[in-house]
Amino acid sequence: EAQVTQNPRYLITVTGKKLTVTCSQNMNHEYMSWYRQDPGLGLRQIYYSMNVEVTDKGDVPEGYKVSRKEKRNFPLILESPSPNQTSLYFCASSSPLRGSGYEQYFGPGTRLTVT
Amino acid sequence: AQSVTQLGSHVSVSEGALVLLRCNYSSSVPPYLFWYVQYPNQGLQLLLKYTSAATLVKGINGFEAEFKKSETSFHLTKPSAHMSDAAEYFCAVRVYGGSQGNLIFGKGTKLSVKP
């Protein structure tokens, strides 16, 4: 089954404790992206990756890091989480090929609470 | 630059009534447009997409959207609402240029369906 998986689904942590949210896709997609979703603000892009070892900032990259060492994985790293990073996070992937229609496939989300 | 505006953060309809969720876009090139749905506690699921073929696009669950270039609109409709349609709906436009593959999302419209 084609899917994007994220782990963990729920996480409660304390300020300053480094954490990583994993994202993996099994569709051989080149493009992957991280979003955060906050009430009234919709989805805002954090980072994206066009391919292995190619990453770039989205609209709200401060406080986050990413890496893309393998095509299927795109982890999101919070080196020193703060309460304003409490949010719902989504990973997504897509194919850049014209025939794909550029549809993005989303993971189930990770709800992060930083106290 | 591309952008998306969704009119109305909350829409309430009665079961069996017409559903109309509004989306206007801004794009200097022919756009690729998407509607996604997010059911409570779930990720985003593609409802339908416009990729410059037919202007009336049919999606899943009885939804459809019409691309109107003159009005720069891509409104989502469904003739008869079901209780199960209660969800948040996001309109998105694909970005052209350096970050191809990126989508810009509207802030979302939460649909409530009254019995």
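One line per chain: the protein sequences are A and B, in this order.
The letter at position 90 of the first sequence is residue 90 when you use our numbering, and the numbering goes up by one with no holes.
So our numbering is basically just the index in the second sequence, starting at one, shifted up by 1000.
Beta carbons are placed, not taken as given, at the ideal position from N, Cα and C, and that holds for glycine.
Within the region 1047 to 1075 of chain B, the complete beta strand (DSSP E) runs of at least 3 residues fall at 1056 to 1058 and 1064 to 1068. Secondary structure at Q1002 (chain B): coil, using DSSP grouped into helix, strand and coil. Counted as a single uninterrupted DSSP element, the beta strand (DSSP E) harbouring Q37 (chain A) occupies residues Y31 to D38. According to DSSP, residue pairing for A92 (chain A) in a beta bridge involves A:S33 and A:F106. Chain-ordered, the chain B residues with CB closer than 8 Å to the CB of E103 (chain A) read F1034, L1046 and K1049. Classified as exposed, T20 (chain A) has fewer than 16 neighbouring CB atoms from the shown chains inside 10 Å of its CB. Q1045 (chain B) has B:V1037 as its beta-bridge partners, per DSSP.
S24 (chain A): member of the beta strand (DSSP E) spanning L19 to Q25, first to last residue. Take N7 (chain A), set aside five residues on each side of it, and the residues of its chain with a beta-carbon closer than 6 Å to its own are T22, in chain order. The beta carbons of Q37 (chain A) and L78 (chain A) sit no closer together than 8 Å. In the structure shown, Q85 (chain A) falls within a helical segment according to DSSP collapsed to helix, strand and coil. Per the coordinates, the alpha-carbon of Q1045 (chain B) lies some 6 Å from the alpha-carbon of Q1038 (chain B). L112 (chain A) and K1110 (chain B) have their C-alpha atoms roughly 22 Å apart. Within the same chain, Cβ atoms closer than 8 Å to the Cβ of V1095 (chain B) are found at Q1002, G1101, N1102, L1103 and I1104, the five residues on either side in sequence being excluded. Residue state for D59 (chain A) is assigned as coil, using DSSP reduced to three classes. Beta-bridge annotation (DSSP): Y48 (chain A) is paired with A:S33 and A:D56.
The C-beta distance from T5 (chain A) to S24 (chain A) rounds to 5 Å, short enough to fall under 8 Å. Against chain A, a Cβ distance below 9 Å from R1022 (chain B) picks out nothing, because the smallest value is about 15 Å.
In the three-state scheme derived from DSSP, where H, G and I count as helix and E and B as strand, S1084 (chain B) is classed as helix. Residue contact check for Q1002 (chain B) against chain A: no CB pair falls below 8 Å. Between R72 (chain A) and V54 (chain A), the gap from beta carbon to beta carbon reaches 8 Å or more.
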